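Numbering (my numbering), first residue to last: 1 to 760.
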């Protein structure tokens, strides 16, 4: 019987390989590159084959590899051996078939018969299906595992059930030797069958695999482009105790080297992405320690890893463990902020800072922190840096309105001119990197003025954008002849052409009659506020008269005096709030332009004028009304304290003469009155005093300017509440009323439930 050789067919190519039995061993150029290094320890070819095969010098025809049997579709017509030119394992042999291989050497060899093969010259063919048991029985499990077609066969036929005997047999053979297992992991084909072992391993088998990985060199596996796939899958598939042990072993490695290696970094990324944060907290501590963050971020692979860590720590704020994650995030971000300047100037590390400035949600506080502590006061120098300029551009885009205003103002007015009389804007216009920052500033302004800004902008905000745009436009127009020489300058000019020349948006113009009426309303509001201060003490005067039983003869004069005094305050408030030349000039220069307001829309109390030589002159139009208001508040407060003290002493002296019920009621009324006194003091006296004091010392705090208007309107709603909660009769009445309403609701619900039951 002739040997079952398969002839070279048209389907054979140089990129194929062959699978066979003892005489059909796996060889070929490139098909088993990983096998050659293992010949010394575990030969994959029967030694008799080398003894029986004579390999002459290659012929003029190029060597060709045999395709695997599974990929060959031979017919009976092309199964005749070609003895003149027979190619086997990439070597051309010019000899007869009988002179190549001894007949007895292949007689009992295993023939993988997933396809047709030659049996003899009589053209009879047999077709058998190869099984995993056949591969194991013939000792070719590793041969198949190291071949790209053989490993696919093993992947398909590998038993998934851990209790299966064949599963245990294959697992045991592939893991019985650390050397063999390690070789499979590092092989381009063998790693796939090891991944199957990991995917379908039981808990005990996971422990075996973990031991093999650690003993075989876990660090080398992480740095190998094939073995690292096994580690990554193990991180995903292992149960909590085993993966904890695996991560603990990895944590002992040099993470700077791992995070800057293009292969091992995938292992760290898989840990961050798929494992709970508590398992890789050590990595955050590692980044925070020393200069490790900078070492990792300045690598093109490490910078992406740090971004993934930040993203993982800041995701899902509603998660129960978010409070713990936010602590780690704060630890990491404090290190980022501390090294922000160095990170921003690095080729790759600047992406980390950009990622933070572009983030939203919980990361906004760290974005603002970076802008406030790192970028502000360094905008000019960082805008001239090749990499930091990208950070500045992103900060302009994503900065909140308040910080954006600070950044714009720093560029416009925040730096002293140099020896050439150039300010920051002049320098950036002609700088090779800084001009991109100016272009971004123009884009921000034009987007806002054209209504393309996503944020809701008030008229005051639009006024600021218009002022910024006009400053840039006028400066570009001044340097237009020089800017046109450069491509960057042409881009700046073109970007300004998208929007026509913009003046500061005109404020709403009102008629003189409306402005007069508005001034009268302002005056009336202030005067009524003064009257409320005047009659505020009536509460205590009335309580004092009730307790003492005195009439109102003398007190009529006091009340009349207070009301008349407050009435006169009307004219004084008009003088207090009316405009004057110096106040108007200050408002125009320092306030109105930035807030998109007209002079007719605001009032400003000014206490003193500068007269030169660093001296000031009092503004009596403001001092006199404030004196009136101070006297009014003083009379009101003094009346309150005097009457309150008298009421307290009177009640104390009458305790033995009155019943316990009457005494208790009077005490409750007095306590309610005290609380009703504290409410207007907090909501009216104190806010008004802030306005006067800040104006007197030339301080401008807008919060306290609008605060009295808000608190005055709250006062009527809060004033009756002490009576409801302190006086027992009122409290009981409120409770009874609420109980009645609740009982009505419960009764209606019960009726509805009974009706529904009856219909059912």
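We put the beta carbon where it would ideally sit given N, CA and C, even for glycine.
Keep in mind it's a predicted model, so treat the numbers as computed, not measured.
Reduced DSSP category for residue i - H, G, I as helix; E, B as strand; rest coil
| i | result |
| --- | --- |
| residue 38 | Annotation note: pLDDT 40 at residue 38 (below 50); position unreliable, coordinate value reported separately. Of the three classes helix, strand and coil, the one that applies to residue 38 here is helix, per DSSP. |
| residue 161 | coil |
| residue 201 | coil |
| residue 276 | coil |
| residue 642 | helix |
| residue 301 | coil |
| residue 748 | helix |
| residue 318 | coil |
| residue 631 | helix |
| residue 753 | helix |
| residue 76 | A caution first: residue 76 carries a pLDDT of 31, below 50, which makes its placement in the model unreliable, though a value can still be read off. Correct three-state label for residue 76: helix. |
| residue 131 | coil |
| residue 183 | helix |
| residue 680 | helix |
| residue 146 | coil |
| residue 574 | Unreliable placement is indicated for residue 574, whose pLDDT of 49 sits below 50; no coordinate value is reported for it. |
| residue 498 | coil |
| residue 293 | helix |
| residue 486 | coil |
| residue 251 | helix |
| residue 101 | Interpretation of residue 101 is limited by its pLDDT of 32, a score under 50 that renders its predicted location unreliable; no figure is taken from the coordinates. |
| residue 139 | coil |
| residue 733 | helix |
| residue 662 | helix |
| residue 339 | coil |
Beta carbon of residue i nearer than 8 Å to that of residue j
| i | j | result |
| --- | --- | --- |
| residue 197 | residue 145 | no |
| residue 344 | residue 388 | yes |
| residue 679 | residue 718 | yes |
| residue 730 | residue 723 | yes |
| residue 429 | residue 483 | yes |
| residue 139 | residue 182 | no |
| residue 309 | residue 272 | yes |
| residue 446 | residue 373 | no |
| residue 259 | residue 265 | yes |
| residue 212 | residue 178 | yes |
| residue 228 | residue 263 | yes |
| residue 424 | residue 414 | yes |
| residue 195 | residue 230 | yes |
| residue 130 | residue 173 | no |
| residue 339 | residue 293 | yes |
| residue 711 | residue 684 | yes |
| residue 245 | residue 210 | yes |
Whole-Å CB distance - residue i paired with residue j, under 8 Å assumed
| i | j | result |
| --- | --- | --- |
| residue 361 | residue 314 | 7 Å |
| residue 404 | residue 396 | 7 Å |
| residue 439 | residue 491 | 6 Å |
| residue 332 | residue 279 | 16 Å between Cβ atoms; not a contact. |
| residue 392 | residue 437 | 5 Å |
| residue 670 | residue 647 | 6 Å |
| residue 376 | residue 382 | Not quite, the Cβ-Cβ distance comes to about 10 Å (not below 8 Å), so this is no contact. |
| residue 640 | residue 540 | 5 Å |
| residue 822 | residue 443 | For residue 822 there is no data in the structure shown, the boundaries of the chain being 1 and 760. |
| residue 186 | residue 224 | 5 Å |
| residue 307 | residue 351 | 7 Å |
| residue 284 | residue 328 | 5 Å |
| residue 154 | residue 193 | 5 Å |
From the options, residue whose alpha carbon lies closest to that of residue i
| i | options | result |
| --- | --- | --- |
| residue 267 | 290, 214, 235 | 235 |
| residue 321 | 277, 347, 466 | 277 |
| residue 298 | 640, 409, 193, 341 | 341 |
| residue 674 | 650, 689, 644, 664 | 644 |
| residue 379 | 402, 409, 348 | 409 |
| residue 629 | 688, 676, 239 | 688 |
| residue 547 | 282, 751, 666 | 666 |
| residue 312 | 301, 355, 325 | 325 |
| residue 160 | 220, 465, 202 | 202 |
| residue 468 | 486, 406, 489, 431 | 406 |
| residue 336 | 733, 366, 147, 167 | 366 |
| residue 672 | 661, 682, 726, 157 | 726 |
| residue 354 | 488, 330, 304 | 304 |
Below-8 Å beta-carbon distance, residue i vs any chain B residue
| i | result |
| --- | --- |
| residue 334 | The structure shown has no chain B; it contains just one protein chain. |
Practice prompt. Go through the stretch 387 to 475 residue by residue and report every complete run of the alpha helix (DSSP H) that reaches 4 residues or more, in order.
Written response: Positions of the alpha helix (DSSP H) runs, each at least 4 residues long and wholly inside the stretch 387 to 475, are given as 388 to 398, 401 to 413, 424 to 429, 434 to 449 in order along the chain.
Worksheet item: Residue ranges of each alpha helix (DSSP H) run of no fewer than 4 residues wholly in the stretch 190 to 242, ordered along the chain?
Response: Correct list: 190 to 199, 203 to 223, 227 to 237.
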